[in-house]
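Written below as structure tokens is the structure these notes are about.
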Amino acid sequence: MSAVNLVDFQDVAKSYGDGPPVLTGVNLAARPGDLVALIGPSGCGKSTLLRLVAGLNPVTSGRLTIDGRSAGEAVGELAFVFQEATLLPWLTVAQNVEVPLRLRGTSAGEREAARQRVLELVRLADRADAYPRQLSGGQKMRVSLARALVVSPRILLLDEPFGALDEMTREHLNEELLGIREATGWTAFFVTHSVAEAVFLSNRVVVMAANPGRVHAEINIPLAYPRTAETRVSREYVELVTQVSRVLRSVEDAAGPFAP
Amino acid sequence: MRKPLTSLLPPAAAGAAFLAVWQGVHQSLSEDTRFLLPSPGAVGQAMLDHQATLVRATLNTAEGALAGFGLAVVVSTVISVLLALSPWVRRAFYPYLMALQMTPLPVLAPICVIWVGAGLKSVALLTFVISFFPLVVNTTQGLVSTDRNLVELFQLYGARPWQKLLLLRAPAALPYFFTGLRIAATIAPIGAVVADMNAGSSAGDGGGLGFQAVIFASQARYAALFATAATTCLLGFALNALVLLVAWLCLRHWHDSYERSDR
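Chains A and B, in that order, give the protein sequences.
Be aware that the first sequence starts at 1, since it is given in this note's numbering, and climbs by one per residue.
Be aware that the second sequence starts at 1001, since it is given in this note's numbering, and climbs by one per residue.
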């Protein structure tokens, strides 16, 4: 099984220092092309799970492999989109997008070609010379996405990237994200607090429980791609949203009324 | 940087009001005590009468102030980078940096005179001491306050330590650096004048503004003394304007403090 899994968690646990476990007994896998949505109450370790894949934190016990290698060794294969755009405010859009390539010593010619390609993907080629403060919240997140895509990652880690945006912008960006995925074909883990977003984007929703963080349920989303605004009003989509909501509610009810 | 003429009106009006109050207070004094506060006109006249002396003294003070200030910028930047390396280094050396700041200039002045002799070198050294602390504190704070997500982003893409410093931490620290620079630019001329009073020299080209203030005071030339104080203020304004210009050139495109607003 693990031979076909691009990302493979086997009984992974994570604690910080002597503190209580943040994650425990996580068994989770993603095959190439999967878009896995992670949803659950605050403090259930969704972001920690992404950080383990990114190699930003080591696992405490268990085994995490990326294409058969340890997380730290596969860092060149992945990109991370943070909850906030985290752009360098002193650089233009074009310069921000080029940062990962500049850090890896890519030549100027290759940087320019890659930058143009991803800025066109996120429809910001005409804002290449703008500074972050001149952009809207949605545009900043698109630059952040372009910066992640510029390294042509095999695995994309998205930590609630559209959480701070208004509903309409978020829906547009969800559709754009799926459109870009059609063109580029990465595997992704997407953390969100929105059930509708999780169902719309992913082919699998992982519902997590807290205290300690663990995988509670995995729900397949058999909606066909490409998904559009029409998908959101389909009966199948609404039923899946209801199903995931029920599972999430059961997790929150089990945690008690004053759970975080 | 381009501002409409109307934006100059509030400071111009406040300046005119200040001069009017000054003149009023001067006239309200009795004939016997009026010398304590010369009129704005008398101070202006003294500036013209002692123009050559004041220009020469200003150039001497500016030379000492700029030398000390420039040295403080370079040394504080290097020290800040070292202090930003680890909390342990900061804990070890901060108390001694503070001790340097807390020693009054008149106490340090004789030590400087013993070490490098009276005159320009002592003035520059004392200006360095007074300018150094705000620069090192602010720059260090800026270097260690980089957005955690950005640091992790650089880590994720395999940034080397020098890339983290030059491409991330240093530009992110610029607003802090310029805050320190503005404070230092304000106190550097004050430090230079106080240093000049305590460790200056009339040898060579006649000392700076501090030295000149001592001479005017001893000669009971109060209007000239006020003119010297006003000239010191102008020197401070000039150094501040220079710092503001450099800050504007470096930050205008991206820092929120330079955002255009109609409010």
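In this text, a Cβ means the ideal position worked out from N, Cα and C, and glycines have one as well.
Give a yes or no on whether the minimum CB-CB distance between residue i and chain B is below 9 Å.
| i | result |
| --- | --- |
| T65 of chain A | no |
| F9 of chain A | no |
| T242 of chain A | no |
| P161 of chain A | no |
| A128 of chain A | no |
| W186 of chain A | no |
| V191 of chain A | no |
| V151 of chain A | yes |
| L177 of chain A | no |
| Y131 of chain A | yes |
| T48 of chain A | no |
| E197 of chain A | no |
Taking only beta-carbon positions, decide if residue i is within less than 9 Å of chain A.
| i | result |
| --- | --- |
| F1069 of chain B | no |
| N1138 of chain B | no |
| W1248 of chain B | no |
| D1262 of chain B | The predicted model places D1262 of chain B with a pLDDT of 39, which falls under 50 and marks its position as unreliable, so this point remains unresolved. |
| D1256 of chain B | yes |
| L1174 of chain B | yes |
| D1147 of chain B | yes |
| P1171 of chain B | yes |
| H1050 of chain B | no |
Distance check for residue j and residue i, CA to CA, integer angstroms please.
| i | j | result |
| --- | --- | --- |
| S1240 of chain B | R142 of chain A | Note that residue 1240 of chain B is Asn in the sequence shown here, rather than Ser. Those two C-alpha atoms are separated by around 40 Å. |
| G976 of chain B | T106 of chain A | The question about residue 976 of chain B has no answer, for chain B in this structure spans 1001 to 1263. |
| S1131 of chain B | A1057 of chain B | 21 Å |
| R1182 of chain B | I1190 of chain B | 13 Å |
| A148 of chain A | I39 of chain A | 22 Å |
| S136 of chain A | A85 of chain A | 11 Å |
| L91 of chain A | P153 of chain A | 23 Å |
| Y16 of chain A | E73 of chain A | 21 Å |
| Y968 of chain B | C1250 of chain B | This structure gives no information on residue 968 of chain B, because the portion of chain B shown stretches from 1001 to 1263. |
| R1252 of chain B | Y225 of chain A | 45 Å |
| V1078 of chain B | A1118 of chain B | 28 Å |
| P1110 of chain B | A1217 of chain B | 22 Å |
| G1015 of chain B | W1022 of chain B | 10 Å |
| F1035 of chain B | A1223 of chain B | 8 Å |
| L121 of chain A | R111 of chain A | 15 Å |
| A1067 of chain B | S42 of chain A | 56 Å |
| R69 of chain A | K46 of chain A | 22 Å |
CB of residue i to nearest heavy atom of the ligand HEM: below 8 Å?
| i | result |
| --- | --- |
| V1113 of chain B | Looking at this structure, you won't find the ligand HEM or any other ligand, since it has none at all. |
What's the call for residue i, buried or exposed, on a 16-neighbour Cβ count within 10 Å?
| i | result |
| --- | --- |
| G1142 of chain B | buried |
| G33 of chain A | exposed |
| T1179 of chain B | buried |
| V1107 of chain B | exposed |
| L1125 of chain B | buried |
| V238 of chain A | exposed |
| F1018 of chain B | exposed |
| E261 of chain A | As displayed, chain A neither begins before 1 nor continues past 260, which places residue 261 of chain A out of reach and without an answer. |
| W1254 of chain B | buried |
| R1263 of chain B | A caution first: R1263 of chain B carries a pLDDT of 38, below 50, which makes its placement in the model unreliable, though a value can still be read off. Label assigned to R1263 of chain B: exposed. |
Practice problem: Counting only runs of 3+ residues fully inside the stretch 61 to 88 of chain A, write out the beta strand (DSSP E) ranges in chain order. | Solution: Whole beta strand (DSSP E) segments, 3+ residues: 61 to 66 and 78 to 81.
Self-check item: Segments assigned beta strand (DSSP E), at least 3 residues, entirely inside the stretch 146 to 170 of chain A
Solution: Annotation note: the stretch 146 to 170 of chain A contains the following uninterrupted beta strand (DSSP E) runs of length 3 or greater, listed N- to C-terminal: 155 to 159.
Quiz item: Which residues, in chain order, does the stretch 1149 to 1161 of chain B contribute to contact with chain A at a C-beta distance below 9 Å?
Solution: Sequence-ordered contacts of the stretch 1149 to 1161 of chain B with chain A read N1149, L1150, E1152, L1153, F1154, Q1155, L1156, Y1157, G1158, A1159 and R1160 [C-beta pairs closer than 9 Å].
Self-check item: Contacting positions in the stretch 94 to 115 of chain A - beta carbon closer than 9 Å to chain B
Solution: Hits within the stretch, in order: V99, P100, L101, R102, L103 and R104.
Exercise. Starting from the N-terminal side, write out each stretch of the beta strand (DSSP E) that is 3 residues or longer and does not extend beyond the stretch 1116 to 1193 of chain B.
Key: Those beta strand (DSSP E) runs which fall completely within the stretch 1116 to 1193 of chain B and span 3+ residues do not exist here.
Self-check item: 4-residue-minimum alpha helix (DSSP H) runs that sit fully inside the stretch 1194 to 1257 of chain B, ordered along the chain
Solution: Runs of the alpha helix (DSSP H) inside the stretch 1194 to 1257 of chain B: 1203 to 1206, 1209 to 1218 and 1222 to 1251.
Quiz item: What are the start and end residues of each continuous beta strand (DSSP E) run of 3 or more residues lying completely inside the stretch 198 to 235 of chain A, in chain order?
Solution: DSSP assignment within the stretch 198 to 235 of chain A yields the following whole beta strand (DSSP E) runs of 3 residues or more, N-terminal first: 204 to 209 and 214 to 220.
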